[in-house]
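What follows is a short report on a single structure.
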Amino acid sequence: MNENYMDVINSVRQEINGVVIGKEQVVDKVLMAMLAGGHILLEDIPGVGKTTMALAFASVLGLDFKRVQFTPDVLPSDIVGFGMYNAMSQEMEYKPGAVVCNLFLADEINRTSSKTQSALLEVMEEGRVTVDGITRILPEPFIVIATQNPNGSVGTHNLPESQLDRFMIKLSMGYPEVENEIQILKNKNKHNVPEWLNAVMDIPDFIQLKEMADAVFVHDAMYDYIARLARATRENKNLSLGLSPRGSISLCAMAKARAMLNGRKYVLPDDVMGIFTDVAAHRVILSASARIEKKTPEEILKKVLEMVKAPKIKA
289 MNENYMDVIN SVRQEINGVV IGKEQVVDKV LMAMLAGGHI LLEDIPGVGK
339 TTMALAFASV LGLDFKRVQF TPDVLPSDIV GFGMYNAMSQ EMEYKPGAVV
389 CNLFLADEIN RTSSKTQSAL LEVMEEGRVT VDGITRILPE PFIVIATQNP
439 NGSVGTHNLP ESQLDRFMIK LSMGYPEVEN EIQILKNKNK HNVPEWLNAV
489 MDIPDFIQLK EMADAVFVHD AMYDYIARLA RATRENKNLS LGLSPRGSIS
539 LCAMAKARAM LNGRKYVLPD DVMGIFTDVA AHRVILSASA RIEKKTPEEI
589 LKKVLEMVKA PKIKA
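In this text, residue positions in the sequence shown follow my numbering: the first is 289, and each later residue adds one.
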């Protein structure tokens with residue numbers, strides 16, 4: 289694996305891009321987040337392939353997959369599990385919830401209640417669930433891919449900042465280009481069930497890739513660069529809430545994964561710049577004046593990148 293890991297990664301890309309057509313950059317960023325040990329939030333309108341992509345990743349990476357369609361009547365116990373009395377043994381038995389898996393798809397997470405949303409907090413941060421006072425560790429790896437409809441859609445509830453901060457990146461797939469949509473139409477019958485995809489690796493292989501991503505070298509100058517970017521968001525007059533320390537950690541982890549996917553064992557400034565907005569945009573909050581001026585987090589973060597000088601590290 290150490291010698292031919294790029295062949296394996298390219299095989300993963302090829303398989304998934306055969307189903308999720310025309311979204312190569314999104315697929316790469318989701319793969320980066322998974323290798324960095326993070327969770328992914330996909331915000332988009334229905335029907336653009338979010339669920340298909342999650343199914344494809346589970347099939348290709350050989351991960352145990354479970355899905356919950358979040359609705360107002362979904363309960364926290366549906367997610368984390370519950371205790372049930374067994375009359376035969378006269379003991380309480382744990383009935384696992386949907387999160388006991390490797391890849392959990394929380395479909396339309398912002399359609400359910402805040403109480404159910406909060407049931408995911410401990411799971412996403414620590415990879416464990418606590419039911420009836422007993423804590424259980426989830427399988428390794430554990431990854432959440434959550435989808436949500438844009439704010440303002442009927443029957444949606446905004447995710448609290450504390451939960452948004454637990455997603456490593458937030459992405460949007462968007463509509464396909466015309467030529468890609470033509471290909472989707474032609475291949476509809478072939479690609480409507482991603483289970484036909486080939487499993488490129490198994491769970492031990494995936495864990496080994498994660499360890500390789502974590503071992504990517506980060507120069508002290510790059511740590512300084514990430515810290516200065518985070519400070520710049522906290523001091524920006526257009527933002528009332530800047531990047532959290534958890535966000536800085538996510539930025540560093542994503543940069544290492546991006547370097548690995550580009551065949552390098554060290555991080556460059558381009559790695560940080562390439563994923564900065566995806567990591568930071570959902571974590572920051574606009575100031576009142578910025579909202580009045582109809583500015584977006586993305587354009588403010590782009591200016592932050594322009595203002596903060598990157599270190600001179602060459603490939």
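Built from N, CA and C at the ideal position, the CB exists for glycine as well. Treat the numbers as computed from the prediction; the structure is a model and nothing was measured.
Alpha-carbon to alpha-carbon, residue j and residue i
i: Cys389; j: Ala547; result: 28 Å
i: Val411; j: Asp332; result: 24 Å
i: Pro438; j: Leu473; result: 25 Å
i: Ser347; j: Asn298; result: 15 Å
i: Val336; j: Glu379; result: 46 Å
i: Tyr293; j: Phe494; result: 10 Å
i: Pro448; j: Ile397; result: 12 Å
i: Ala576; j: Thr340; result: 38 Å
i: Pro427; j: Ala503; result: 22 Å
i: Ile588; j: Asn526; result: 7 Å
i: Val560; j: Asp512; result: 12 Å
Cβ-Cβ separation, residue j to residue i (assumed contact under 8 Å), whole Å
i: Ala386; j: Asp361; result: Contact flag wrong, Cβ pair sits at about 15 Å.
i: Leu539; j: Ile514; result: 5 Å
i: Val592; j: Ala520; result: 5 Å
i: Gly350; j: Met489; result: 6 Å
i: Ala321; j: Met500; result: With a Cβ gap of about 15 Å, Ala321 and Met500 do not count as contacting.
Backbone secondary structure at residue i - three-state DSSP
i: Ala344; result: helix
i: Phe494; result: helix
i: Phe370; result: strand
i: Arg454; result: coil
i: Gln405; result: helix
First through last residue of the alpha helix (DSSP H) which encompasses residue i
i: Glu465; result: That residue, Glu465, is in no alpha helix (DSSP H); it is neither H nor E in DSSP.
i: Ile514; result: Asp508 to Arg522
i: Gln302; result: Tyr293 to Asn305
i: Leu319; result: Glu312 to Leu323
i: Glu587; result: Pro585 to Met595
i: Ala543; result: Pro533 to Leu549
First and last residue of the uninterrupted beta strand (DSSP E) at residue i
i: Val356; result: Phe353 to Gln357
i: Leu330; result: Ile328 to Glu331
i: Arg579; result: That residue, Arg579, is in no beta strand (DSSP E); its alpha helix (DSSP H) goes Ala576 to Ile580.
i: Glu396; result: No beta strand (DSSP E) contains Glu396, which DSSP labels as neither H nor E.
i: Val560; result: No beta strand (DSSP E) holds Val560; the alpha helix (DSSP H) holding it covers Pro557 to Ala568.
Short Cβ contact (7 Å threshold) for residue i with residue j
i: Met542; j: Val567; result: yes
i: Ile431; j: Leu391; result: yes
i: Leu393; j: Arg355; result: yes
i: Thr435; j: Leu330; result: yes
i: Ala407; j: Val368; result: yes
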